[in-house]
Each structure stands twice: as C-alpha cells, then as structure tokens.
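Down below is the structure, laid out as structure tokens.
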Amino acid sequence: MIMMTMMMMVVVVVMMMMMMMMMMMMMMMMMMMMVMMMMMMMMMMMMMMMMMMMMMMMMMMMMMMMMMMMVMMIMMMMMMIMMMMIMKMMMMRRRRRRRRRMVVMMMMMMMMMMMMMMMMMMMMMMMMMMNDDGEDDDDDDDDDDDDDDDDDDDDDDDDDDDDDDDDDDDDDDDDDDDDDDDDDDDDDDDDDDDDDDDDDDDDDDHDDDHDDDHDDDHDDYDDHDDYDTTTNNNNYYYYYY
Numbered sequence: 040m041i042m043m044t045m046m047m048m049v050v051v052v053v054m055m056m057m058m059m060m061m062m063m064m065m066m067m068m069m070m071m072m073m074v075m076m077m078m079m080m081m082m083m084m085m086m087m088m089m090m091m092m093m094m095m096m097m098m099m100m101m102m103m104m105m106m107m108m109m110v111m112m113i114m115m116m117m118m119m120i121m122m123m124m125i126m127k128m129m130m131m132r133r134r135r136r137r138r139r140r141m142v143v144m145m146m147m148m149m150m151m152m153m154m155m156m157m158m159m160m161m162m163m164m165m166m167m168m169m170n171d172d173g174e175d176d177d178d179d180d181d182d183d184d185d186d187d188d189d190d191d192d193d194d195d196d197d198d199d200d201d202d203d204d205d206d207d208d209d210d211d212d213d214d215d216d217d218d219d220d221d222d223d224d225d226d227d228d229d230d231d232d233d234d235d236d237d238d239d240d241d242d243d244d245h246d247d248d249h250d251d252d253h254d255d256d257h258d259d260y261d262d263h264d265d266y267d268t269t270t271n272n273n274n275y276y277y278y279y280y
C-alpha cells in the first residue's frame with residue numbers, strides 16, 4: 040500500500056512537472072507568437088507607410104494614365120464602329136454613289152479621330168516631360184541678376200573713389216592760393232629796397248618754408264592708400280620741388 044501511494048505521488052509529481060513544462064512551453068510559445076506578431080505588425084506598418092507614400096506618388100500618374108486609357112479606349116471603340124459601318128457599306132450593293140459618299144465621310148471621321156488621338160498623345164507626352172528644371176533655371180537667372188546688382192554696387196564704390204579725387208583737386212586749389220600769397224610776399228620785398236640783406240635772408244627762409252610745406256603735402260598724399268600715382272592728373276605733385 041505504501042509502495043502504491045509512493046508510486047502515485049511520484050506519478051502526480053511527474054504529471055505536475057509535465058504540466059508545468061507544458062505551461063512553460065505554452066507561455067514561451069505565446070511570448071514568441073506575441074513577439075512575432077509585434078514584429079509583423081511593425082513590418083506591416085512600415086510597409087503600409089511605404090505603400091502609402093508610393094501610392095501618393097503614383098496616384099497622379101495612375102489617374103493621368105487611366106484618363107488617357109479611357110479616352111483611347113473610347114476612341115478605339117468609335118473607330119471600330121466606324122470601320123464596321125464602312126465594311127457594311129462596302130458590302131451593300133445598292134446606290135453606289137451614296138455608298139461612296141458614306142465611305143468618304145467615314146474615312147474623314149476616322150482621320151479626325153486619329154488626329155485627336157495624336158493630339159492627346161502629344162499632350163500626355165508634354166505633361167510627362169514637364170518637370171521643375173525650368174523653374175530652377177529661372178532661379179539661376181535671378182541669382183545672376185543679384186550678381187549684376189553687386190556689380191552696380193562696385194561701380195558706386197568707384198564713383199566714391201572719383202569723389203576722393205575731387206577732394207584732391209580742392210587741395211590743389213589750396214596750393215594755388217598759397218602760391219598767390221607767396222607772390223604777394225614777393226611784391227612786398229620789392230617795395231623794401233633798403234633792406235637788401237634782410238630781404239635775402241627772408242627769401243631764404245621763405246624758400247625753406249615753401250619746401251617744408253610741399254614736403255608736408257607730399258607726406259599727406261603718401262598717406263592715402265587709394266591715391267593713384269599712375270594717372271597724369273596727379274603726377275605733377277612729384278615735380279613741384
């Protein structure tokens with residue numbers, strides 16, 4: 040009896056362990072399934088997003104192509120009907136004149152349909168070939184215009200340089216005034232005939248002062264960075280002394 044109970048206990052324990060293992064396996068399977076489902080859902084979401092993007096991009100093209108196909112189908116149907124009518128007319132044996140007239144009319148209608156189809160094809164080709172390159176070219180042209188404006192600004196700077204040259208000319212006038220003053224001093228010297236020695240000394244001093252003034256002017260012009268010594272208008276400063 041004890042052995043039987045022990046065996047039963049072992050069996051129960053084994054059964055319990057088996058049940059636990061089964062439960063664990065089931066749980067693991069469920070977890071794996073959940074993970075797989077989640078991954079599949081993520082993949083599906085990604086695929087759906089990509090498909091939506093592709094559909095959005097291709098929707099317009101599909102619509103255009105569908106419209107063109109519809110028009111082409113209608114035109115083809117009309118052409119087929121006309122061809123059948125022409126064949127029927129040709130098969131008829133009465134009134135040849137009327138038949139010929141109808142055949143000519145049908146041929147004209149077919150030509151019109153062909154022309155319309157060609158026009159539609161051309162329109163489709165034009166619409167498909169249209170892209171943003173033209174707009175980009177326009178933007179480039181605008182950039183070129185901006186560059187032209189910059190060139191205009193540079194020209195304005197050149198004008199400012201010309202104004203500086205005008206200021207230099209004003210300084211020339213001041214130098215001329217100084218020369219006039221010197222001439223007046225010379226007249227005074229001529230009036231004073233008695234003081235010849237003193238006049239000679241004064242003339243020497245005056246010449247020295249005159250040279251000093253011109254040295255100062257020369258230094259001032261050397262200080263200008265934008266002073267142009269290559270033009271004939273400014274070279275005579277260097278021949279003054």
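Numbering (this note's numbering), first residue to last: 40 to 280. For each residue, glycine too, the CB sits at the ideal point set by N, CA and C.
Assigned secondary structure, residue i (DSSP; H/G/I helix, E/B strand, else coil)
i    : result
M169 : coil
Pick from the options that is closest to residue i, judged by C-alpha positions
i    : options                   : result
M119 : V51, V50, M54 and M150    : M150
M164 : R140, M154, M103 and V143 : M103
M147 : M122, V50 and M169        : M122
M169 : M63, M117, M100 and M62   : M100
M156 : K127, M141, M109 and R140 : M109
Local Cβ density within 10 Å of residue i, reported as buried at 16 or more and exposed below that
i    : result
M145 : buried
D175 : The predicted position of D175 is uncertain, since its pLDDT is 49 and thus under 50; a value taken from the coordinates is nonetheless stated next. Exposed.
is_contact[residue i, chain D] using C-beta, thresh 7 Å
i    : result
M152 : Absent from the structure: chain D. Only one protein chain is present.
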